[in-house]
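Working notes, structure below.
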Amino acid sequence: NRYVCSVFVILIISFSGVCQTPGRTARIIFQLKEDMREDLHSGNPVTVPSQAINILNQEFHAIRVTAHQAGRSTGKWFYVAEFQDGTNIGDLIREYYKTGEIAYAEPDYVGTGSGTVVPDDPYYGIQWPLKNTGTFSVVPSVAGADLEMEDAWGITQGDSTVILGIIDSGVKMDHPEFGGRIWRNYNEIAENGTDDDHNGYVNDIFGWDFTTPDNYPADDRGHGTCVAGIAGATGNNSIGFAGVDWKCKLMIVKVLDHNNNGYYSWWADGIYYAVDNGAKVVNLSFGGYDYSSTLETATAYAHSKGVVVVASMGNNKTYFPSYPAAFHWVIAAGSTDPDDARSRAFLGSPNYGSNYGQHISVVAPGNYIPGLNYQSDTDYSMLWGGTSMAAPHVAGMASLLMAVKPSNSPTQIRTIIESTAEDQVGSPVEDSPGWDQYYGYGRVNVHRALSRAMGVSDTKSLPAGFSVFPNPAYGAFTVSLPSKTDKIQ
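Residue numbers for the sequence shown follow our numbering, beginning at 1 and rising by one.
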């Protein structure tokens with residue numbers, strides 16, 4: 001086929017009852033460059049032995065400043081300054097540093113007990129894939145049919161050194177959910193008409209559009225913005241949604257046009273571009289039913305360069321292999337509903353459902369997914385459906401795994417993702433013990449995967465056929481996969 005389309009459907013729904021976040025007292029932790037004092041008592045209100053800092057605290061109306069011993073043997077102290085809620089802590093910290101008397105200053109961050117992190121994003125409550133309470137109002141849902149993201153974020157919210165390639169229809173580059181998160185090519189000088197870094201692309205400051213081609217991969221369809229938001233919308237920023245990974249850089253590569261179609265050559269070029277420019281994970285929410293040596297070679301190149309490749313299974317309710325999902329080294333993601341059932345009718349349409357077959361790796365939430373609007377900074381009322389939405393949940397998961405252990409190979413990350421997936425969550429007719437062609441190894445669980453990657457033993461949750469054995473070269477242990485039919489080539 002000359003063109004191949006990744007099918008998706010949009011349903012627009014208005015939501016109400018947005019949760020409010022209680023106010024917090026603004027606090028700063030700081031330490032002075034020189035402060036060897038013995039006359040302090042930990043926790044007591046004090047006057048800081050710095051006239052410049054005391055003046056700033058008065059100007060910003062400090063409530064109190066307390067001293068805290070930084071280890072008995074050091075003789076050093078750090079201080080906690082408390083201010084009224086609404087104080088611009090960032091500005092104050094910059095003023096602290098201007099005095100020249102600060103060793104360091106930082107916000108007194110708030111964590112959550114029991115290793116969980118609950119973001120303050122106002123629409124987080126409807127993001128059932130991240131935390132499913134069984135109260136999703138649009139279709140039946142089951143509590144716990146989710147990725148366990150609150151526990152996962154207690155381990156990591158990501159790392160800005162990890163680059164996640166969103167190879168899709170582009171992205172709304174100025175959406176506030178992506179503020180400071182879009183990958184930038186600092187080896188290129190903007191608008192000078194020169195390929196400064198000699199990578200073959202002129203002025204590719206923010207990625208590349210292979211459909212035009214040009215150097216600004218803006219979204220004119222919406223698909224890529226939704227995909228990028230699922231994987232990487234900034235969480236805990238008091239607006240909109242939370243993505244799976246809050247800190248990774250999002251490399252935007254456009255390979256789908258305004259009709260959501262793309263040549264295989266665009267797809268291959270996009271993969272090579274992302275890999276050669278530093279992506280460690282790439283998400284491919286598209287597919288076609290024609291085998292391509294060109295596309296296979298591109299995904300093999302990514303794998304050989306240590307890049308995790310995640311692709312969507314397709315939405316035609318068929319067992320026929322879709323490419324690139326069917327290539328052996330690709331993590332192929334199918335879709336589940338809010339009740340953990342395999343998606344058989346995306347957004348209620350019986351014509352579209354999650355593909356299955358010998359090449360499936362795992363499943364992830366992909367139906368009735370809250371997604372960003374590429375035409376608005378403030379509209380959070382859209383629901384999306386398709387394996388295109390399942391894949392970025394897995395890709396964001398892979399980037400979190402890269403954050404906690406950058407030395408992991410694509411094969412190791414895939415092993416962790418598959419071995420920690422929740423088995424037998426769907427209908428017993430389809431979701432049989434161990435790997436099956438409908439659910440693969442099961443519905444992914446980000447918390448379990450991160451725990452495994454961090455060396456926390458969880459052997460009781462291993463699917464049938466997996467085994468664990470010590471391996472110092474790979475954390476505390478290695479998980480071996482059971483044999484299964486090789487993916488269709």
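Cβ atoms here follow ideal geometry from the backbone N, Cα and C, with glycine treated the same way.
Would you decide whether residue 44 is buried or exposed? Buried here means 16 or more other CB atoms lie within 10 Å of its CB. As a working mapping, residue 44 is identified with position 44 in the sequence shown. Residue 44 comes out exposed.
Counting beta carbon pairs with one atom in the region 264-278 and one in the region 224-243, are three or more of them shorter than 8 Å? no
Would you tell me roughly how many angstroms separate the C-alpha atoms of residue 291 and residue 197, rounded to the nearest one? Residue mapping note: residue 291 aligns to position 291 of the sequence shown, counting from 1. Residue mapping note: residue 197 aligns to position 197 of the sequence shown, counting from 1. Rounded to the nearest angstrom, the two C-alpha atoms are 34 Å apart.
At least 3 beta-carbon pairs within less than 8 Å: the region 408-416 vs the region 247-265: no
Where does residue 107 sit, in a helix, a strand or coil, going by DSSP? Sequence index remark: in the sequence shown, residue 107 carries index 107 (1-based). Note: residue 107 maps to strand in three-state DSSP.
Between which two residues does the beta strand (DSSP E) containing residue 98 stretch? For the purposes of this step, residue 98 is taken as residue 98 along the sequence shown, with counting starting at 1. Segment 89-98 is the alpha helix (DSSP H) holding residue 98; no beta strand (DSSP E) there.
Just verifying my parser: in three-state terms, what is the DSSP assignment at residue 448? The sequence position of residue 448 within the sequence shown is 448, counting from 1. Here residue 448 sits in helix by DSSP.
Among the candidates 445, 377, 409, 450, whose CA atom is the shortest distance from the CA of residue 174? As a working mapping, residue 174 is identified with position 174 in the sequence shown. It is 377 whose Cα lies nearest to the Cα of residue 174.
If we require 3 or more residues per run, which beta strand (DSSP E) segments fall completely within the region 123-207? 163-168
Inter-residue CB distance, residue 171 and residue 219 (contact presumed, cutoff 8 Å): Translated into positions along the sequence shown, residue 171 becomes position 171. Translated into positions along the sequence shown, residue 219 becomes position 219. With 8 Å as the limit, residue 171 and residue 219 qualify as a contact, their Cβ atoms being about 5 Å apart.
Could you tell me which of 285, 318, 337 sits nearest to residue 312, measuring between CA atoms? Stepping through the sequence shown from its first residue, residue 312 is reached at position 312. Of the listed residues, the one whose Cα sits closest to residue 312 is 285.
Helix or strand or just coil, what does DSSP make of residue 394? If you number the sequence shown from 1, residue 394 lands on position 394. Helix, per DSSP.
Spatial neighbours of residue 303 in its chain, beta-carbon cut-off 6 Å, leaving aside the 5 residues before and after: Residue numbering aside, residue 303 sits at position 303 when the sequence shown is read from its first letter. 329, 410, listed in sequence order.
Assigned exposure category for residue 293 - 16 Cβ within 10 Å defines buried: For the purposes of this step, residue 293 is taken as residue 293 along the sequence shown, with counting starting at 1. With fewer than 16 Cβ atoms within 10 Å of its Cβ, residue 293 is classed as exposed.
Could you give the DSSP three-state label for residue 44: helix, strand or coil? On the sequence shown, residue 44 is found 44 positions in, with the first residue counted as 1. Coil at residue 44, not helix or strand.
Nearest to residue 76 by alpha carbon, out of 82, 67, 99? Position 76 of the sequence shown, counting from 1, holds the residue named residue 76. Checked all of 82, 67, 99; the closest Cα to residue 76 is 67.
In chain order, each alpha helix (DSSP H) run of at least 4 residues that lies wholly inside the region 337-419: 387-404, 410-419
Which word fits residue 445, buried or exposed, when buried means at least 16 other C-beta atoms lie within 10 angstroms of its C-beta? Translated into positions along the sequence shown, residue 445 becomes position 445. Buried, since its Cβ has 16 or more Cβ neighbours within 10 Å.
Is residue 94 buried or exposed, if buried means 16 or more other CB atoms sit within 10 Å of its CB? Position 94 of the sequence shown holds residue 94. Exposed: under 16 other Cβ atoms inside 10 Å.
Could you tell me the boundaries of the alpha helix (DSSP H) in which residue 56 lies? Here residue 56 refers to the residue found at position 56 of the sequence shown. Segment 51-59, the alpha helix (DSSP H) holding residue 56.
Residue 32: first and last residue of the uninterrupted beta strand (DSSP E) it sits in: Working through the sequence shown from its first residue, we reach residue 32 at position 32. Here the beta strand (DSSP E) through residue 32 covers 26-32.
In chain order, what residues of the same chain lie with their CB nearer than 6 Å to the CB of residue 457, ignoring the 5 residues before and after it? The count along the sequence shown starts at 1 and reaches residue 457 at position 457. Residue placement at residue 457 is flagged as unreliable, the pLDDT there being 42, under the threshold of 50; the coordinate-derived value follows with that caveat. Excluding positions up to five away in sequence, the list is empty.
For residue 331: DSSP bridge partner residues: Translated into the one-based positions of the sequence shown, residue 331 becomes position 331. Bridge partners of residue 331: 310.
By Cβ distance below 6 Å, which residues in the same chain neighbour residue 390 in space, the five residues on each side in sequence not counted? As a first step, residue 390 must be located in the sequence shown, where it is residue number 390. Closer than 6 Å at Cβ, skipping near neighbours: 333, 335, 364, 366.
Under a Cβ-count criterion, where at least 16 other Cβ atoms within 10 Å of its own Cβ denotes burial, should residue 98 be classed as buried or exposed? To locate residue 98, count along the sequence shown from 1; it is residue 98. So residue 98 ends up on the exposed side.
Determine the contact status of residue 392 and residue 283, defining contact as a CB-CB distance below 8 Å. Taking the first residue of the sequence shown as 1, we reach residue 392 at position 392. Taking the first residue of the sequence shown as 1, we reach residue 283 at position 283. Yes.
Does the structure place the region 419-429 close enough to the region 335-344 that three or more beta carbon pairs sit under 8 Å? yes
In angstroms, rounded to a whole number, what distance separates the CA positions of residue 126 and residue 34? On the sequence shown, position 126 is the one that residue 126 refers to. On the sequence shown, position 34 is the one that residue 34 refers to. Cα-Cα distance, rounded: 50 Å.
Whole-angstrom distance between residue 381 and residue 8, CA atom to CA atom: Counting from one through the sequence shown, the residue named residue 8 turns up at place 8. Counting from one through the sequence shown, the residue named residue 381 turns up at place 381. Because residue 8 sits at a pLDDT of 36, beneath the cut-off of 50, its placement in the model cannot be relied upon, and the point is left open.
Just reading off the beta strand (DSSP E) that residue 68 is part of, what are its end residues? Here residue 68 refers to the residue found at position 68 when the sequence shown is read from its first residue. 64-69 is the span of the beta strand (DSSP E), which, as asked, contains residue 68.
Does DSSP classify residue 250 as helix, strand or coil? As a position in the sequence shown, residue 250 is number 250, starting the count at 1. Residue state, collapsed to three classes: strand.
Who does residue 291 pair with in a DSSP beta bridge? Working through the sequence shown from its first residue, we reach residue 291 at position 291. Answer is none; residue 291 lacks a bridge partner.
Between the Cα of residue 320 and those of 153, 57, 354, spot the shortest distance and give me the residue it belongs to. Residue 320 sits at position 320 when you count from the first residue of the sequence shown. Of the listed residues, the one whose Cα sits closest to residue 320 is 354.
Quick one: is residue 323 buried, meaning 16 or more other Cβ sit within 10 Å of its Cβ, or exposed? As a working note, residue 323 is residue 323 in the sequence shown. So residue 323 ends up on the buried side.
What did DSSP end up calling residue 219 once you bin it into helix, strand or coil? For the purposes of this step, residue 219 is identified with residue 219 of the sequence shown, where counting begins at 1. DSSP places residue 219 in coil when its eight states are reduced to three.
Compare the beta carbon distance of residue 131 and residue 146 with 8 Å and say whether it is the shorter of the two. What you label residue 131 is simply residue 131 of the sequence shown in a count that begins at 1. What you label residue 146 is simply residue 146 of the sequence shown in a count that begins at 1. Cβ distance < 8 Å, so residue 131 and residue 146 count as in contact.
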